[in-house]
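Residue numbers (the working numbering): 1 to 123. Don't be surprised by glycine CBs; every beta carbon is placed ideally from N, CA and C.
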Amino acid sequence: MRPRELPLSADLMRNLLVHTAELPGADFRVLTYYVTAAPLGDTVRETAKTVAEAVKISRGSTSKSIARLVADGWLAPAFRVGTVPFYRAGNKVLELAEAEEAQAGQQMASVSHLPVRGFDGDE
Numbered sequence: 001m002r003p004r005e006l007p008l009s010a011d012l013m014r015n016l017l018v019h020t021a022e023l024p025g026a027d028f029r030v031l032t033y034y035v036t037a038a039p040l041g042d043t044v045r046e047t048a049k050t051v052a053e054a055v056k057i058s059r060g061s062t063s064k065s066i067a068r069l070v071a072d073g074w075l076a077p078a079f080r081v082g083t084v085p086f087y088r089a090g091n092k093v094l095e096l097a098e099a100e101e102a103q104a105g106q107q108m109a110s111v112s113h114l115p116v117r118g119f120d121g122d123e
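Rendered as structure tokens:
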């Protein structure tokens, strides 16, 4: 799934937090890095080592987090250069972003002003 410019919003970040709440805390930090490092759906062209250093998590923990996030659909492998894998936001992230965008585009309600009986506007 390749999105057309899907926005990264506070609502999307909140939904990601809620939907990944049962995963270890390091997973959300790693996911947040990948979601914010490139436009949604684009490959993050940084190694797991770079991600680990940025979010202050050991390389081993970062690798385990990435593996869990890929297995759960939050991250997706994009390509490999030799033995070094690169990732992008997975389908679960993109589906949440599309749902957010669709919801934002819908009119929530309309307000009509009704006349008030017996009120002439003078006080």
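Just the C-alpha distance for residue i and residue j, rounded to the nearest angstrom, thanks.
| i | j | result |
| --- | --- | --- |
| Arg80 | Phe86 | 6 angstroms |
| Arg2 | Gly41 | In this prediction, Arg2 has a pLDDT of 49, which is less than 50 and means its spatial position is unreliable; what the coordinates show is noted afterwards. Whole-angstrom Cα-Cα distance: 6 angstroms. |
| Asp11 | Pro24 | 21 angstroms |
| Val51 | Asn15 | 22 angstroms |
| Leu8 | Gly82 | 31 angstroms |
| Gly60 | Trp74 | 19 angstroms |
| Val84 | Lys64 | 15 angstroms |
Is the shortest distance between the beta-carbon of residue i and the beta-carbons of chain C less than 8 angstroms?
| i | result |
| --- | --- |
| Val93 | Checking the listed chains, one finds no chain C in this structure; it contains a single protein chain. |
Quickly, what does DSSP pair residue i with across the bridge? List them, please.
| i | result |
| --- | --- |
| Pro24 | Note: Pro24 sits in no beta bridge, so no partner. |
| Pro85 | Arg80 |
| Leu75 | Ala89 |
| Val44 | Tyr87 |
Residue j and residue i - do their beta-carbons sit closer together than 8 angstroms?
| i | j | result |
| --- | --- | --- |
| Arg88 | Thr43 | yes |
| Ala76 | Gly90 | yes |
| Asp27 | Thr20 | yes |
| Tyr33 | Val18 | no |
| Ala97 | Leu6 | yes |
Between residue i and residue j, which are expected to be in contact by the criterion C-beta below 8 angstroms, what is the C-beta distance as a whole number of angstroms?
| i | j | result |
| --- | --- | --- |
| Leu69 | Val30 | 7 angstroms |
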